[in-house]
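In my numbering, the protein residues as written are 203 to 282.
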């Protein structure tokens with residue numbers, strides 16, 4: 203399951219997946235971005251243009267994330 207990072211936005215901004223799913227953030231922007239969980243569950247390094255970061259969600263719950271470089275970029279993943 204993929205989240206595209208483009209135009210300083212995560213798309214989609216909200217995503218629902220099943221437990222055990224891997225989510226990949228793919229940066230299609232000209233600037234580096236990060237994907238950082240509000241709870242510290244995951245924290246990517248800077249994701250450069252045309253690079254990606256993946257994380258496997260094992261436990262159900264609602265996970266909010268942001269780009270630590272551009273804090274107005276936010277998103278949510280719901281794991282069922």
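Ideal placement from N, C-alpha and C gives every residue a C-beta, glycine not left out.
Please report the residue range of the beta strand (DSSP E) in which residue i lies.
i           : result
residue 244 : Per DSSP, residue 244 belongs to no beta strand (DSSP E) and is neither H nor E.
residue 205 : 204 to 208
Which residues in the same chain as residue i place their Cβ atom closer than 8 Å to its Cβ, once the five residues preceding and following it in sequence are excluded?
i           : result
residue 234 : 248, 249, 250, 251, 271
residue 259 : 219, 221, 222, 223, 224, 225, 265, 279, 281
Taking the alpha carbon of residue i as the reference point, which residue from the options has its own alpha carbon closest?
i           : options       : result
residue 242 : 262, 229, 268 : 268
In angstroms with no decimal places, state the Cα-to-Cα distance between residue i and residue j.
i           : j           : result
residue 230 : residue 211 : 10 Å
residue 216 : residue 232 : 23 Å
residue 275 : residue 254 : 16 Å
Assign residue i to one of two classes, buried (16 or more other C-beta atoms within 10 Å of its C-beta) or exposed (fewer than that).
i           : result
residue 236 : buried
Whose C-beta lies closer than 6 Å to the C-beta of residue i among residues of the same chain, with five residues either side of it excluded?
i           : result
residue 240 : 266
residue 208 : 230, 231
residue 228 : 204, 206, 254
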